[in-house]
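Asks: In the numbering used here, the protein residues as written are 5 to 453. Glycine included, each C-beta is placed from N, C-alpha and C at the ideal position. Sharing a structure here in structure tokens format.
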């Protein structure tokens, strides 16, 4: 069994993301003993590869075994290397389907390594068999290549070593809005985002110096209406008899939707989708960073646990839709009650946390934290309008100070949590500041003021 620190993405989040993609979302896990399984994989794999989706949750061998034998070793090797180097992984490879058919997949994922040796890759894969078949046909016939150039969704182009375009395929206009005449004899400087130009020219310079083709450069290029789209290019050099580059030939693919999906995946990994507040993972990363800085500067940091009182009866009486709306509004009120420098997060069902950085003295941190805690308590005590239903709740708040009450993040969390439970046990709707001298925490009389 894996410990709670694994904190896998929940199924609902992955199912929601699955609905946005043409292929399938997956979460591949390698356990400390080297065994693989899939905590989540889109249901399309059952139809494509004839595997049992539920069985994959305990043993991933059935799906991994569908990787084409000629591709399997280097796919697994590159996957492990991506985890070792903490870099995103992207690959195209073949899969064997029932009946002997071969499917090409394009896969993208990111790896996360845990202290016990577990590694989890979260990503998505799409069927690119059609494109691969087109690419194969290009190698067989120059005539077919010309037809593909004129009709492919990718932009095919050529440019001189100085970055001036000499050819673009017709879908340049479809992709970016400009007429072809606006590109020929014009430098890429006119279209590529200024921040990305140095990398683009460095990419071309490497190809010119080595005489080798290269791919994977990603950059933004301006559409005629002014917005930027993301492209990735593969580029090959054209050499003269002396080995000097006379021209570059390239294929550019629009990856705007993929980049948006990556951003969404990153956000889903770090933000609560209901309240749009940071989630537990991101919050404790921020807290650790702040504690490191506070320790170095000799400053104080306050941590606040905020637990909604009597939230479950709201769900039981009015349903989860009203409960979700209440949580969303509670997150908004909590954010409105804190300072710009403070960080609020939702870490569980009706549990929130707030970090207050950085104070110069214990007295200042105690006073300000208590005041902000009371603002939060008062804000959450006011009635909520949840689609015409008036809801009344309160909250119990526990506050702990670094380094007075604890020397690190986990201990600080325990202290704030203990103070919060004192507030609960003392009648709720209170702000309690942790006090080691009175066996854990001390109610300080902020009830109702």
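Would you kindly report the start and end of the unbroken alpha helix (DSSP H) that includes residue 43?
Replies: Counting from one through the chain shown, the residue named residue 43 turns up at place 39. Segment 40-45 is the beta strand (DSSP E) holding residue 43; no alpha helix (DSSP H) there.
Asks: By DSSP's criteria, residue 306 is part of a beta bridge. Which residues make up the other side?
Replies: Against the chain shown, residue 306 aligns to sequence position 302. BP columns for residue 306 point to 360 and 405.
Asks: DSSP has residue 123 in a bridge; who is on the other side?
Replies: In the chain shown, residue 123 corresponds to position 119, counting from 1. Looking at the DSSP assignment, residue 123 forms a beta bridge with 34 and 117.
Asks: By Cβ distance below 6 Å, which residues in the same chain neighbour residue 94 in space, the five residues on each side in sequence not counted?
Replies: On the chain shown, residue 94 is found 90 positions in, with the first residue counted as 1. The answer, listed in chain order, is 112.
Asks: How long is the line joining the alpha carbons of residue 387 and residue 265, rounded to whole angstroms?
Replies: To locate residue 387, count along the chain shown from 1; it is residue 383. To locate residue 265, count along the chain shown from 1; it is residue 261. When rounded, the distance between both Cα atoms is 38 Å.
Asks: Once DSSP output is grouped into helix, strand and coil, what is the label at residue 321?
Replies: Walking along the chain shown from the start, residue 321 turns up at place 317. It is helical.
Asks: Alpha carbon to alpha carbon, how far is residue 124 from residue 287?
Replies: Working through the chain shown from its first residue, we reach residue 124 at position 120. Working through the chain shown from its first residue, we reach residue 287 at position 283. The alpha-carbon atoms of residue 124 and residue 287 are separated by roughly 20 Å.
Asks: How long is the line joining the alpha carbons of residue 421 and residue 37, rounded to whole angstroms?
Replies: Start at 1 with the first residue of the chain shown, and residue 421 comes out as number 417. Start at 1 with the first residue of the chain shown, and residue 37 comes out as number 33. Near 35 Å, if we compare the C-alpha coordinates of residue 37 and residue 421.
Asks: By Cβ distance, which residues of its chain are closer than 8 Å to residue 98, with the 5 residues on each side in sequence left out?
Replies: Looking up residue 98 in the chain shown gives position 94. Closer than 8 Å at Cβ, skipping near neighbours: 71, 72, 74, 75, 106, 107, 108 and 109.
Asks: Can you say whether residue 411 is buried or exposed, counting buried as having 16 or more other CB atoms within 10 angstroms of its CB?
Replies: Residue 411 sits at position 407 when you count from the first residue of the chain shown. Result: exposed.
Asks: What separation, rounded to the nearest whole angstrom, lies between the Cα atoms of residue 427 and residue 276?
Replies: Numbered from 1 along the chain shown, position 423 holds the residue referred to as residue 427. Numbered from 1 along the chain shown, position 272 holds the residue referred to as residue 276. Taking the straight line joining both Cα atoms gives about 26 Å.
Asks: Taking the alpha carbon of residue 393 as the reference point, which residue from 210, 437, 363 and 318 has its own alpha carbon closest?
Replies: To locate residue 393, count along the chain shown from 1; it is residue 389. Out of 210, 437, 363 and 318, 318 has the C-alpha closest to the C-alpha of residue 393.
Asks: Look at the alpha carbon of residue 181 and the alpha carbon of residue 190, and state the distance between them as a whole number of angstroms.
Replies: Stepping through the chain shown from its first residue, residue 181 is reached at position 177. Stepping through the chain shown from its first residue, residue 190 is reached at position 186. Cα-Cα distance, rounded: 16 Å.
Asks: Between which two residues does the alpha helix (DSSP H) harbouring residue 214 extend?
Replies: Residue numbering aside, residue 214 sits at position 210 when the chain shown is read from its first letter. Counting along the chain, the alpha helix (DSSP H) containing residue 214 begins and ends at 201-214.
Asks: What does DSSP give as the partner residue(s) for residue 455 in the beta ladder?
Replies: Residue 455 is absent from the structure shown; the chain starts at 5 and stops at 453.
Asks: Determine whether the beta carbon atoms of residue 211 and residue 240 lie at a separation below 9 Å.
Replies: Stepping through the chain shown from its first residue, residue 211 is reached at position 207. Stepping through the chain shown from its first residue, residue 240 is reached at position 236. Yes, Cβ-Cβ distance for residue 211 and residue 240 is below 9 Å.
Asks: How big is the Cα-Cα spacing for residue 170 and residue 223?
Replies: Within the chain shown, numbered from 1, the residue matching residue 170 stands at position 166. Within the chain shown, numbered from 1, the residue matching residue 223 stands at position 219. Taking the straight line from one Cα to the other gives about 20 Å.
Asks: Run through the DSSP bridge pairs and tell me what residue 128 is partnered with.
Replies: Within the chain shown, numbered from 1, the residue matching residue 128 stands at position 124. DSSP lists 29 and 112 as partners of residue 128.
Asks: Which residue wins for smallest C-alpha separation from residue 405, given the options 425, 396 and 369?
Replies: In the chain shown, the residue the question calls residue 405 occupies position 401. Selected option, being the one with the closest Cα: 369.
Asks: Taking the alpha-carbon positions, what's the residue 330 to residue 355 distance?
Replies: As a first step, residue 330 is located in the chain shown; it is residue number 326 there, counting from the start. As a first step, residue 355 is located in the chain shown; it is residue number 351 there, counting from the start. Rounded to the nearest angstrom, the two C-alpha atoms are 13 Å apart.
Asks: In angstroms with no decimal places, state the Cα-to-Cα distance between residue 434 and residue 399.
Replies: The residue labelled residue 434 in the question sits at position 430 within the chain shown. The residue labelled residue 399 in the question sits at position 395 within the chain shown. Each residue's Cα considered, the two are about 7 Å apart.
Asks: Name the one or two DSSP bridge partners that residue 389 has.
Replies: The residue you call residue 389 lines up with position 385 of the chain shown. Residue 389 pairs with 394.
Asks: DSSP beta-bridge partners for residue 2?
Replies: In the structure as shown, the chain begins at 5 and stops at 453. Residue 2 is therefore absent and cannot be evaluated.
Asks: Using CA coordinates, which residue listed in 172, 253, 289 and 365 is at the minimum distance from residue 302?
Replies: To locate residue 302, count along the chain shown from 1; it is residue 298. Of the candidates 172, 253, 289 and 365, the one whose C-alpha sits nearest the C-alpha of residue 302 is 365.
Asks: Flag this pair as touching only if the region 226-242 and the region 295-310 have three or more C-beta atom pairs under 8 Å; answer yes or no.
Replies: No, they do not touch.
Asks: Report the option in 48, 50 and 32 whose CA atom is closest to the CA atom of residue 42.
Replies: As a first step, residue 42 is located in the chain shown; it is residue number 38 there, counting from the start. Nearest option by C-alpha distance: 32.
Asks: Report yes if the CB atom of residue 162 is closer than 9 Å to the CB atom of residue 115, and no otherwise.
Replies: If you number the chain shown from 1, residue 162 lands on position 158. If you number the chain shown from 1, residue 115 lands on position 111. Not in contact: residue 162 and residue 115 (Cβ atoms no closer than 9 Å).
Asks: Would residue 28 and residue 64 qualify as a contact pair, given that the criterion is a beta-carbon distance under 9 Å?
Replies: Residue numbering aside, residue 28 sits at position 24 when the chain shown is read from its first letter. Residue numbering aside, residue 64 sits at position 60 when the chain shown is read from its first letter. No, the Cβ-Cβ distance between residue 28 and residue 64 is not below 9 Å.
Asks: Roughly how many angstroms separate the alpha carbons of residue 10 and residue 126, rounded to a whole number?
Replies: Taking the chain shown and counting its residues from 1, the one referred to as residue 10 is at position 6. Taking the chain shown and counting its residues from 1, the one referred to as residue 126 is at position 122. In this prediction, residue 10 has a pLDDT of 41, which is less than 50 and means its spatial position is unreliable; what the coordinates show is noted afterwards. So the two alpha carbons sit approximately 13 Å from each other.
Asks: How about residue 257 and residue 389: do their beta carbons lie closer than 9 Å?
Replies: As a first step, residue 257 is located in the chain shown; it is residue number 253 there, counting from the start. As a first step, residue 389 is located in the chain shown; it is residue number 385 there, counting from the start. Cβ atoms of residue 257 and residue 389: not closer than 9 Å.
Asks: Within a Cβ cutoff of 6 Å, which residues of the same chain sit near residue 237, ignoring the five residues on either side of it in sequence?
Replies: Start at 1 with the first residue of the chain shown, and residue 237 comes out as number 233. Within the same chain, residue 237 has close Cβ partners 221, 254 and 256.
Asks: Between which two residues does the beta strand (DSSP E) carrying residue 58 extend?
Replies: Translated into the one-based positions of the chain shown, residue 58 becomes position 54. Taken as a continuous stretch (DSSP letters only), residue 58 belongs to no beta strand (DSSP E), as it is neither H nor E.
Asks: Using the Cα positions of residue 304 and residue 362, report the straight-line distance between them to the nearest angstrom.
Replies: In the chain shown, residue 304 corresponds to position 300, counting from 1. In the chain shown, residue 362 corresponds to position 358, counting from 1. The alpha-carbon atoms of residue 304 and residue 362 are separated by roughly 5 Å.
Asks: With distances taken between CB atoms, is the gap from residue 45 to residue 67 smaller than 9 Å?
Replies: Looking up residue 45 in the chain shown gives position 41. Looking up residue 67 in the chain shown gives position 63. Contact: yes.
Asks: According to DSSP, is residue 331 part of a helix, a strand, or is it coil?
Replies: The sequence position of residue 331 within the chain shown is 327, counting from 1. Of the three classes helix, strand and coil, the one that applies to residue 331 here is helix, per DSSP.
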